[in-house]
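Student: Attaching a single structure in C-alpha cells format; questions to follow.
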Amino acid sequence: MFLSIFDIFKIGIGPSSSHTMGPMVAAGQFLEMLRSGRGVVPGAGAPVRVECRLHGSLAFTGKGHATDRAIVLGLLGFSPETLDADKAEAAEAALREGGLLTPEGLEPLGFRPDQDVIFDYGPALEGHANGLVFSSYDARDALHTTETYYSVGGGFVLTARELTEARSDTALPDVPFPFRTAKDMLAMAQKSGLTIAQMKARNETAHGNGPRLSPDVRRIWDVMEACIDRGLAKGGILPGGLNVRRRAKPIHEALQAERGSNLAAPHLINDWISVYAMAVNEENAAGGQVVTAPTNGAAGVVPATIRYYLDHVPGADRSRIEEFLLTSAAIGGLIKTNASISGAEVGCQGEVGSAAAMAAAGLCAVLGGTPQQIENAAEIALEHHLGMTCDPIKGLVQAPCIERNGLGAIKAVSAASLALRGDGEHLVPLDACIETMRQTGRDMDEKYKETSLGGLAVNLPEC
78 MFLSIFDIFK IGIGPSSSHT MGPMVAAGQF LEMLRSGRGV VPGAGAPVRV
128 ECRLHGSLAF TGKGHATDRA IVLGLLGFSP ETLDADKAEA AEAALREGGL
178 LTPEGLEPLG FRPDQDVIFD YGPALEGHAN GLVFSSYDAR DALHTTETYY
228 SVGGGFVLTA RELTEARSDT ALPDVPFPFR TAKDMLAMAQ KSGLTIAQMK
278 ARNETAHGNG PRLSPDVRRI WDVMEACIDR GLAKGGILPG GLNVRRRAKP
328 IHEALQAERG SNLAAPHLIN DWISVYAMAV NEENAAGGQV VTAPTNGAAG
378 VVPATIRYYL DHVPGADRSR IEEFLLTSAA IGGLIKTNAS ISGAEVGCQG
428 EVGSAAAMAA AGLCAVLGGT PQQIENAAEI ALEHHLGMTC DPIKGLVQAP
478 CIERNGLGAI KAVSAASLAL RGDGEHLVPL DACIETMRQT GRDMDEKYKE
528 TSLGGLAVNL PEC
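For the sequence shown, this note's numbering gives the first residue as 78, with consecutive numbering after it.
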C-alpha cells in the first residue's frame, strides 16, 4: 500500500488522532455502509437505532480523549478536516435533546449518546488495541447491520477485513521508488542520484498527487504554523479536569523579553524549540485544529522543528518546507509500514519517537544532509525514544504529552546536528531501530500503552 504525505500529515482536530479523529471517521463510514445496504442481516427490518461499543484503549481512555463526542459528531455528518465548531455544538445539543439522527439518505435513527456509546472495559479486540463496533437494530431490536473498525493511529481507520488484508499485503506500490525499508530507500537514492524528498515527490506524482502537491503541502504547513501562533497567544486552563495551565504564552512572552539581553544563556534555544511544540499540543489538548504528524499526541514535534529552522537558523528558506515535509513523510511511512505509530499499540515511542525521527530527517535534509546522513538523523532520534510508555494522566493528552513534544523536538534538532557532524556511516541502521521499536511495543505491558492503567496515570495521588 502506498502511504502518501497526506496520509501521514492529515488536517484534523484534537485531542487525539486515534481516539478522536479515527472514531469520527469510522462513524461516517458506518453511515455510508447503512446507505449502501451492505452487510444487512437476512430477515432484518429497516434500521431504527444505532449504537457503538468501544474496546481496549478506546474504552479506557475514551472519556479523556473525547471519543464519545467524536462518535456523536461523526454520526451527525461531521468530519475532522472540515469541522465547524459552532455548527457541531448546535447539532450535538439538538441530538442530546431529541435523541434522533437525521442522516442524509437515511430514515431517522434513534441514538442516545449517554446510552448508545458503550465503554467496554473487558479484553481488547484481537485485531488492535483501538477497536470499536458499530451496530444498527430494527424496530424489533433485532440486529440489522454491524461492522468492526480499528483506529490504528494517525487517523487511519480500517475495518476488520481491511486490517487483515493490510497485514498480509506484501506487494510493492506501483510508484517509481517503492521503498519499504530504509536500506532500499538509500539504495534507490544512490542509484537515481535523487534526494529522499525528490523520490517521495515523484512517488506522489505517480500516485496522482502531482498537480496539487506543492499547494497542498503549503496548506499543511499553513495549518501547522497557525496552530503554533494560536497556542502562543492563548492562556487559561485546559479542559478535562486536571486544571493544567497553558504555559506556552507566558514562556513565549518571557523569551521575547529576554531577546538581545546580555543575560540570555545560549541554552535558551531549547526553550524556544519547546515552546513552539507546547503551543501546538496545548491547542490539541483543547480540541483545536492540528495536523497529525504522524499523530495528534505527537503533533508538536515536526512543526516546532520547522519553526526553529525558520526563525533561528541563519539562511533558512521557507521554500524548503516542502522538502522538509516530504522527507519527514518518507520516514514516517517506513515506521508505520514496519512497526506502528499508535500509542495504544507500541507506546509513546511510536508517537513522539516517530515524530522526532521524522523531524530530525526533515531538518537534516534542509540543512544539506545526504540521504545517508538523513537516515542517520532519523535513527538517532528514534533510538533515544525506544521503550517510551504512553501513560496519559486521566486519559488526557496533557501530562506528560505536552512537555514530551517539546523534548522530542529538542532531540530531533540534536539528532540532525549529530548526523551532520558525520558522514552517514553509523552502527545501528534505521531499519534495525524500527524493528526494535516494534518488538519493544509487542513486549510492553498493556497498562503502559494508552490505557492510563499504569505509570504516571496511577502514581499521581490527586488522580
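Quick reminder that beta carbons are idealized off the backbone N, C-alpha and C, glycines included.
Note that the structure is predicted; figures quoted are calculated from it, not measured.
Under 8 Å, with one C-beta from each stretch per pair, do the segment 521 to 540 and the segment 493 to 502 reach the 3-pair mark?
Tutor: The segment 521 to 540 vs the segment 493 to 502: no contact.
Student: Expressed to the nearest angstrom, what Euclidean distance is found between the alpha-carbon atoms of Val367 and Ala219?
Tutor: The straight-line gap from Cα to Cα measures roughly 40 Å.
Student: Going by other Cβ atoms of all chains shown within 10 Å of its Cβ, with 16 needed for buried, is Ser338 buried or exposed?
Tutor: Answer is exposed; the Cβ neighbour count stays below 16.
Student: Ignore the nearest five residues each way along the sequence and tell me which others in Thr223's own chain have a CB closer than 6 Å to its CB.
Tutor: Taken in chain order, the residues that qualify are Ser212.
Student: For the beta strand (DSSP E) containing Ile470, name the first residue and the last one.
Tutor: Looking at the DSSP string, Ile470 is not in any beta strand (DSSP E), and its letter there is neither H nor E.
Student: With distances taken between CB atoms, is the gap from Arg289 to Thr414 smaller than 8 Å?
Tutor: No.
Student: Strictly by DSSP, which residues pair up with Thr222?
Tutor: Note: Thr222 sits in a beta bridge opposite Ser213.
Student: Do you know offhand how far Leu186's Cα is from Thr179's?
Tutor: Those two C-alpha atoms are separated by around 7 Å.
Student: Let's test the definition: count the other Cβ atoms within 10 Å of the Cβ of Asp301 and tell me whether it reaches 16, buried, or not, exposed.
Tutor: It is worth fixing the name first, because residue 301 is Met in this sequence and not Asp. By the 10 Å Cβ count, Met301 comes out buried.
Student: Have a look at Gly141, Leu160, His142 and flag the residue whose alpha-carbon is nearest the alpha-carbon of Leu150.
Tutor: Residue Leu160 is the option with its Cα nearest to Leu150.
Student: With a CB to CB cut of under 6 Å and the five nearest residues on each side skipped, what residues in its chain are close to Gly445?
Tutor: Excluding sequence neighbours, Gly445 sits near nothing in its chain.
Student: Measure the Cβ-Cβ separation of Leu135 and Thr144 and say whether it is below 8 Å.
Tutor: Going by C-beta atoms, Leu135 is nearer than 8 Å to Thr144.
Student: Could I get the ranges of all uninterrupted alpha helix (DSSP H) runs contained in the segment 345 to 416, with 4 residues as the minimum, in chain order?
Tutor: Complete alpha helix (DSSP H) runs here, min 4: 345 to 362, 378 to 389, 398 to 415.
Student: Could you name the residues of the same chain whose beta carbon sits closer than 7 Å to that of Gly176, not counting the 5 residues immediately before and after it, in chain order?
Tutor: Gly187, Phe188, Arg189, listed in sequence order.
Student: If you draw a straight line from the alpha carbon of Val535 to that of Leu473, how long is it in whole angstroms?
Tutor: The straight-line gap from Cα to Cα measures roughly 13 Å.
Student: Residues in the same chain with beta-carbon distance under 8 Å from Glu547, minus the five sequence neighbours each way, listed in chain order, please.
Tutor: The structure shown does not extend to residue 547, since the chain is modelled only from 78 through 540, so no value can be given for it.
Student: Using DSSP bridges, identify the partner residues of Tyr227.
Tutor: For Tyr227, which the question treats as bridged, DSSP gives the partners Gly208, Leu235.
Student: Would you mind working out which of Leu459, Ala486, Pro316, Asn482 sits nearest Pro506, comparing C-alpha positions?
Tutor: Considering only alpha carbons, the answer is Leu459.
Student: If distances are taken between C-alpha atoms only, which option among Ala432, Lys488, Ser228, Ala363 comes closest to Thr206?
Tutor: It is Ala, not Thr, that sits at residue 206 in the sequence shown. The option with the nearest alpha carbon to Ala206 is Ser228.
Student: Around the C-beta of Ile314, are 16 or more other C-beta atoms found within 10 angstroms, so that it is buried, or is it exposed?
Tutor: Answer is exposed; the Cβ neighbour count stays below 16.
Student: Select from Ala370, Gly364, Ile350, Gly410 the residue whose C-alpha is nearest the C-alpha of Asp388.
Tutor: Residue Ile350 is the option with its Cα nearest to Asp388.
Student: From Pro448, Phe155, Asp293, Ala162, pick the residue whose C-alpha is nearest to that of Glu181; which is it?
Tutor: When each option's Cα is compared against that of Glu181, the closest is Phe155.
Student: What is the residue span of the beta strand (DSSP E) that Glu128 lies within?
Tutor: Where Glu128 is concerned, the enclosing beta strand (DSSP E) stretches over 126 to 133.
Student: If you follow the beta strand (DSSP E) that Pro314 is in, where does it begin and where does it stop?
Tutor: Note that residue 314 is Ile in the sequence shown here, rather than Pro. That residue, Ile314, is in no beta strand (DSSP E); it is neither H nor E in DSSP.
Student: Let's test the definition: count the other Cβ atoms within 10 Å of the Cβ of Val390 and tell me whether it reaches 16, buried, or not, exposed.
Tutor: By the 10 Å Cβ count, Val390 comes out exposed.
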